[in-house]
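Peer 1:
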Amino acid sequence: MFNSIDHTKKNQFLEQTKAAREERAFERRRDNAAIKIQSLFRGHVCRVKLQTQVRQELDLLLQIPQTMDIEYNPKQRPVLELFSALKKFLFVFNIKEDKRRYEYVCRYLLLSVQSENTKTSYVAMSMQKQHVLSWIQQLKTVLWNCCVCLKYLKPENHRDNQAIVVHLRMLITFTCIGSWGIVKGKTGEALKPGLNQLCNNIMGFLNSKGFYSVIQVLLTRGLARSKPVFSNTSLTAVITIALRPLLASNFSENLMTMFLLHILSVPAVIYHINTHSQECMNTLVTHRIFKRCLDLLTNEQSTRIVFNSLEGNYALCLLANLVHLGYTEVEGLVENTLKFMNVMIYLLDSCKKYVQSKKSNLTLWHPVLGWFSQNTDQSLHEAMPYVVKQLQLLWSSKMIRLLFNELLEYVDANKQTQQQTNKSSASSPTKGLLKKALEKASSKNTCAKIKLGSHVARATCLPCDLYQQAINTLSQLRLDILGGLSYNKVLLPILWKFLCDLGPNCGLKVFLELFPQSPNTTLHPVFSLLSLFSESAGHLITTLDDIEMYEQQRMFSLDDYIKMSDFLNHFVFKVIWNSLIDFQVTGSCNVFSAARSLLMILYERDSRRSFTPKDHWLIRDVKPSTIISELEAGRKNAQFIMQKIPHIIPFSERVVLFRKYVMKEKDFLGLTESVCTSPQSTLITIHRSRIVEDGYRQLAQLPARNLKGVIRVKFVNEQGLDEAGIDQDGVFKEFLEETISRVFDPSLSLFKATSEQKLYPSSTSYIQEDHLALFDFLGRMLGKAVYEGIVVDVPFAPFFLTQILGHQQSSTYSSLDELPSLDPELAKSLSYLKHYEGDVSELDLTFSCDEDCMGRLETHELVPGGKVIGVTDENKIRYVHLMAHFRMYCQIKEQTAAFIRGFRSVVNHEWLNMFSAPELQKLISGDNRDIDIEDLRRHTQYYGGYHNNHRVINWLWDIVDHDFSAHERSLFLKFVTSCSKPPLLGFSTLDPAFSIRCVEVSDDQDTGDTVGSVLKGFFNIRKKDPIGRLPTSSTCFNLLKLPNYQKKSTLKEKLRYAIHSNTGFELS
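In full-length UniProt numbering, the protein residues as written are 1 to 1068.
Here it is, written out as structure tokens:
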């Protein structure tokens, strides 16, 4: 009945309808968009047109010239017209487009304000009631726009610099009525109070908008660079306008805080003010800015707010500016010394904590604070030299005298009392005797002249704490600070006087009693005094040469050094022995580190040239055997003593301890028969004509463990035949002595000899093939001799022994001290230069050194670019130390390193730390003391019929003991043992033992003891006196081969001839 529905057509119809609907919607959106675009465009065109019109009207009013070269002198228009034009202009103002136009607005206003005509003067608008509120708001906007412009201008650009001056003039002019024309004359007097209030209102508005932040940016851009770009006028203007809010608010706390944060944190701002604007500096002093800053910062909460608001770098700049301000405003510093020191200590401590909190793997170097993670600020780094100059004022002579004024007055009063006492005693002999008696009694008196709670003690400890904080915080200026303190003529003597008056032995009891009260912290201020004195005195003594220290006795007398070293020796010992400090944190304990450092400087100086009495360094309170037993028991305090101050134990005890360490290591490695029935040994074959070459070839690559074990030597004679027997010790000793005597011969060019015939590596050793490998081998051989206790007669130069011990790497080591042991002439020349009173620059020296290398002149630079760096009075001390360092260390650096590497591969370096350089020489070559003949005779063995009471033996000992000189006794010992010095621990330790054998035939016919020879020797049976034969020796066995002479005179004559002609150095 009905037709069927076509679903396909239906779907097509619906889709077409939907598409038509979407097209109509799109058309509507497009029409709306077109209308909006047209609207926006017309609006933009209208705005641009309006802005252009406003700017054209303003340009017409301002009469802006076409070029900048034309002098600007516009005709003044009615002020209402100006007010209206500015109102429109400020509505459309854009700093990027209107920068130049706005500058002319400022110029016009500056000219206008000078006018006395109320119709043309811009400030006359303040008298029109209907416009005054709008005008005030307009003026505030104009001035703030000046601040905004200052943010974007670059002082290094000449054109921008001119604009900066204009904007600064605007700020200065409209914040003070002094230059306003309308206030001049009688009618203006009535206006002044209201206008002054207006200026204060404007300053308050600018402060609320961030005025000080703008000034900070401007100052930083102009001053934080290697060469400031501000002119005197610009800088004066900036500081003048920066001070106005403070003056207007009568130095309110909030504005003083802003001034500290934004102005005094600018790098070296006070330095530049003092240099370029003395007028502003006088203003700062007049208004007591320094005192007001201290009053604010004395409040710990205010200081914390200031520091937390500043990044660490700028907190340092604030500190430097305060130092410079205090240095300039002396009156304020004298009145507020205590506040100043407390504020400085807090700021320094805060900077230190800031640096510690910023430690990380990604650190950058700061020229004052050292390494820590920081934001890179190039301008700040460029300004750092000026900041450093300000910080240096803190340790200037003037500042030191001001801060230590109380102690200076105390010392001066004591001197005057002493002088009056001397005068009175001189006038009366009886009183003089009484005075001596009183002095003697007072020397035994245990009462201290200075009590820790006294005013002078507190006033002395506080500046010491300040300088100690400065040393710890300003890490890169450490040497500069110590130099300023130590070279000051008054500081160290008065600090030493304080310590001496603190009680017996420099107040030793006081310090030791305070330690347990603050374990491991040493918070008491007196510890800062001891730390500062120790570090400063150590720095001074390190730089003193022998003339200054021993002859001129600069700063301290030798008696002072003796007293000082005695106090420090006992102090450091008792702190360790009584466990008053945690041994794991001694590095962070300033007082302990500083005291020990000074102690070791004095000890090493005394080791080189003695100034103390015998056994001065030994501690009598505890027996050495007690310390050794505690050490063997593994007690930490005894171990720490051996690490830090081993010199308190007698040298002989330390040698015994060294030998024990060697035996323990041998037992541990299984190199002795006590732990191993057949310990491992190494056999080497040595040809007599190639002793050094064969030894080097077979031992140079031998592992250190094997080298420490038994080395057996088999000699091959000149004919190529094996010599009978392999040694038990004697032949190895002979090999070692032969090797050492040959390779240390200066003719081999590996070593040179000083004028005193002391040996050191040659800088031209490279002429020998594989010279560094040879030095390594030599170090191993000498190390083996020391390890085995074999004494070899090799005298080293003291500076080379110091390098073997590694002491030259210490911060307390001075190359100049030991230079005379290498080159006395150079040392004398450098000493002359150091004390040269004229202008050093006239000598035309540079930081370079010429060296004659095999006929070729080579120039070495002591520092990078040293050829063009002249030596001046300011850097001459550095020059002499660098020259000494180059001569003794740099020239032979590679040779020394190779020798030490070989030496330490055998001898544990920690064992050597027990000895000083002269003691190491004794360990190598024996003691310099006279030979103890009784001890030698007591430990001598006899063969071939000789015995202790034999007639010839009695003659021998009588001749050696009474007829020979000390030098001849040394020659006798060298004749038999190859070394002229006795063993360190006596002849009981000589191995093999000293022996004497009766011989009747020549050495080449000698086959040892036989029954017949023994009987003949024992019963003294001889056919005739062997006057044709000389005594001979076998040094490898420490054996004297002595014919059975019939007369004592014959024995004396033959023995003296033999030891002087060295005929005994033959082989059995």
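Beta carbons: idealized from backbone N, C-alpha and C, even for Gly.
The beta strand (DSSP E) with Cys106 in it runs from where to where?
Peer 2: To locate residue 106, count along the sequence shown from 1; it is residue 106. Taken as a continuous stretch (DSSP letters only), Cys106 belongs to no beta strand (DSSP E), being part of the alpha helix (DSSP H) at Lys99 to Val113.
Peer 1: What number of angstroms, rounded off, separates the C-alpha of residue 1101 from the C-alpha of Arg951?
Peer 2: Past the edges of the chain, shown from 1 to 1068, lies residue 1101, and the structure says nothing about it.
Peer 1: Could you check whether Arg605 and Lys644 sit closer than 9 Å to each other, using their CB atoms as the reference points?
Peer 2: The residue labelled residue 644 in the question sits at position 644 within the sequence shown. The residue labelled residue 605 in the question sits at position 605 within the sequence shown. Not a contact, by the Cβ cut-off of 9 Å.
Peer 1: Quick one: what's got a C-beta closer than 7 Å to Ala955's C-beta in the same chain, skipping five residues either side?
Peer 2: Taking the first residue of the sequence shown as 1, we reach residue 955 at position 955. Strictly speaking, residue 955 in this sequence is Trp, with Ala absent from that position. Excluding positions up to five away in sequence, the list reads Lys1048 and Leu1051.
Peer 1: Which same chain residues, not among the five before or five after Pro245, have their C-beta less than 6 Å away from its C-beta?
Peer 2: In the sequence shown, counting from the first residue as 1, residue 245 sits at position 245. Same-chain partners within the cutoff: Met203, Asn207 and Leu255.
Peer 1: Quick one: using the 10 Å Cβ neighbour count with 16 as the cut-off for buried, is Trp395 buried or exposed?
Peer 2: The sequence position of residue 395 within the sequence shown is 395, counting from 1. Looking at its Cβ environment, which holds 16 or more other Cβ atoms inside 10 Å, Trp395 is buried.
Peer 1: Would you check if the stretch 871 to 879 and the stretch 905 to 925 touch, i.e. whether three or more CB-CB distances between them fall below 8 Å?
Peer 2: Cβ pair count under 8 Å is below three, so no.
Peer 1: Distance, Cα to Cα, Leu801 vs Asn274?
Peer 2: If you number the sequence shown from 1, residue 801 lands on position 801. If you number the sequence shown from 1, residue 274 lands on position 274. In a straight line, the C-alpha of Leu801 is about 53 Å away from that of Asn274.
Peer 1: Measure the CB-CB distance between Ala315 and Ser265 and report whether it falls below 9 Å.
Peer 2: As a working mapping, residue 315 is identified with position 315 in the sequence shown. As a working mapping, residue 265 is identified with position 265 in the sequence shown. The answer is yes: Cβ separation under 9 Å.
Peer 1: Thinking C-beta only, is Leu845 closer than 9 Å to Ala827?
Peer 2: To locate residue 827, count along the sequence shown from 1; it is residue 827. To locate residue 845, count along the sequence shown from 1; it is residue 845. No, the Cβ-Cβ distance between Ala827 and Leu845 is not below 9 Å.
Peer 1: Which same chain residues end up closer than 6 Å to Trp180 when comparing Cβ atoms and leaving out the 5 residues on each side of it in sequence?
Peer 2: Here residue 180 is taken as the residue at index 180 of the sequence shown, counted from 1. Taken in chain order, the residues that qualify are Val113 and Val123.
Peer 1: Indicate whether at least one CB of chain B lies closer than 9 Å to the CB of Leu857.
Peer 2: Looking at the structure shown, chain B is missing, and only one protein chain is on hand.
Peer 1: Please report the distance separating the alpha-carbon of Gly178 from that of Leu195.
Peer 2: One-based indexing of the sequence shown puts residue 178 at position 178. One-based indexing of the sequence shown puts residue 195 at position 195. The alpha-carbon atoms of Gly178 and Leu195 are separated by roughly 10 Å.
Peer 1: Where does Gln921 land, buried or exposed, given buried means 16+ other C-beta within 10 angstroms?
Peer 2: Start at 1 with the first residue of the sequence shown, and residue 921 comes out as number 921. Label assigned to Gln921: buried.
Peer 1: Kindly identify the DSSP beta-bridge partner or partners of Asp722.
Peer 2: As a working note, residue 722 is residue 722 in the sequence shown. Paired residue(s): Val716.
Peer 1: Less than 9 Å between the C-beta atoms of Gly312 and Tyr271, yes or no?
Peer 2: Residue 312 sits at position 312 when you count from the first residue of the sequence shown. Residue 271 sits at position 271 when you count from the first residue of the sequence shown. No, the pair does not count as a contact, with Cβ atoms beyond the cut-off.
Peer 1: In terms of residues, what are the limits of the beta strand (DSSP E) holding Cys589?
Peer 2: Indexing the sequence shown from 1 puts residue 589 at position 589. First-last for Cys589: undefined, no H or E at that position.
Peer 1: Please determine, among Leu247, Pro820 and Asn1044, the residue with the shortest C-alpha to C-alpha distance to Leu284.
Peer 2: For this step, residue 284 is matched to residue 284 along the sequence shown. Ranking Leu247, Pro820 and Asn1044 by Cα distance to Leu284 puts Leu247 first.
Peer 1: Mind reading off the beta-carbon distance from Leu778 to Phe899? Whole number of angstroms is fine, and I expect it under 8 Å.
Peer 2: As a first step, residue 778 is located in the sequence shown; it is residue number 778 there, counting from the start. As a first step, residue 899 is located in the sequence shown; it is residue number 899 there, counting from the start. Leu778 to Phe899, Cβ: 6 Å. Contact.
Peer 1: Where do the N-terminal and C-terminal ends of the beta strand (DSSP E) with Pro795 fall, by residue?
Peer 2: Start at 1 with the first residue of the sequence shown, and residue 795 comes out as number 795. Unbroken run through Pro795: none, as it is neither H nor E.
Peer 1: Give the range of the beta strand (DSSP E) segment to which Phe972 is assigned.
Peer 2: Within the sequence shown, numbered from 1, the residue matching residue 972 stands at position 972. Phe972 -> not in any beta strand (DSSP E); alpha helix (DSSP H) instead, spanning Ala966 to Thr977.
Peer 1: At what residues does the alpha helix (DSSP H) containing His885 begin and finish?
Peer 2: Counted from its first residue, the sequence shown places residue 885 at position 885. Run containing His885: Lys876 to His885, per the alpha helix (DSSP H) assignment.
Peer 1: Using the rule of at least 16 other Cβ atoms within 10 Å of the residue's Cβ for burial, across every protein chain shown, is Lys1041 buried or exposed?
Peer 2: Counting from 1 along the sequence shown, the entry for residue 1041 is found at position 1041. The residue is buried, with at least 16 neighbouring Cβ atoms inside 10 Å.
Peer 1: Which of the three DSSP states, helix, strand or coil, is assigned to Trp135?
Peer 2: Reading the sequence shown from its first residue, position 135 is the one you call residue 135. It is helical.
Peer 1: The alpha helix (DSSP H) with Gln374 in it runs from where to where?
Peer 2: Taking the first residue of the sequence shown as position 1, residue 374 is located at position 374. It is not in any alpha helix (DSSP H) - Gln374 carries neither H nor E in the DSSP assignment.
Peer 1: To the nearest angstrom, how far is it from the Cα of Glu15 to the Cα of Arg28?
Peer 2: Sequence index remark: in the sequence shown, residue 15 carries index 15 (1-based). Sequence index remark: in the sequence shown, residue 28 carries index 28 (1-based). Looking at the two C-alpha atoms, the distance is approximately 20 Å.
Peer 1: From Leu391, Asp295, Pro624 and Gln301, pick the residue whose C-alpha is nearest to that of Leu319; which is it?
Peer 2: As a working mapping, residue 319 is identified with position 319 in the sequence shown. Leu319 has its Cα closest to that of Leu391, out of Leu391, Asp295, Pro624 and Gln301.
Peer 1: Please check the pair Ala457 and Ala383, which I expect to be a contact at CB under 8 Å, by giving their CB distance rounded to whole angstroms.
Peer 2: Walking along the sequence shown from the start, residue 457 turns up at place 457. Walking along the sequence shown from the start, residue 383 turns up at place 383. Their Cβ separation, rounded to whole angstroms, is 39 Å, which puts Ala457 and Ala383 out of contact at 8 Å.
Peer 1: What's the call for Lys36, buried or exposed, on a 16-neighbour Cβ count within 10 Å?
Peer 2: By one-based count along the sequence shown, residue 36 stands at place 36. The residue in question, Lys36, is exposed, as its Cβ has fewer than 16 Cβ neighbours within 10 Å.
Peer 1: Name the residue from Asn11, Tyr386 and Gln552 whose alpha carbon lies nearest to the alpha carbon of Arg225.
Peer 2: Position 225 of the sequence shown, counting from 1, holds the residue named residue 225. Arg225 has its Cα closest to that of Tyr386, out of Asn11, Tyr386 and Gln552.
Peer 1: For Ser208, report the span of its alpha helix (DSSP H) as first-last.
Peer 2: Within the sequence shown, residue 208 is the residue found at index 208, counting from 1. Run containing Ser208: Lys192 to Lys209, per the alpha helix (DSSP H) assignment.
Peer 1: For the candidate residues His276, Ser309, Met344 and Asn282, whose alpha-carbon lies nearest to that of Cys293?
Peer 2: Here residue 293 refers to the residue found at position 293 when the sequence shown is read from its first residue. Looking at the Cα atoms, Met344 is the closest of the given residues.
Peer 1: For Ile581, name the three-state secondary structure that DSSP assigns.
Peer 2: Residue numbering aside, residue 581 sits at position 581 when the sequence shown is read from its first letter. Three-state DSSP puts Ile581 in coil, outside helix and strand.
Peer 1: In terms of residue numbering, what span does the beta strand (DSSP E) encompassing Ser1034 cover?
Peer 2: Numbered from its first residue, the sequence shown carries residue 1034 at position 1034. Thr1032 to Ser1034 is the span of the beta strand (DSSP E), which, as asked, contains Ser1034.
Peer 1: Taking the beta strand (DSSP E) that Glu858 falls in, what are its first and last residues?
Peer 2: If you number the sequence shown from 1, residue 858 lands on position 858. Run containing Glu858: Arg856 to Glu861, per the beta strand (DSSP E) assignment.
Peer 1: Decide if His947 is buried, meaning its Cβ has at least 16 other Cβ atoms within 10 Å, or exposed.
Peer 2: As a working mapping, residue 947 is identified with position 947 in the sequence shown. Answer is exposed; the Cβ neighbour count stays below 16.
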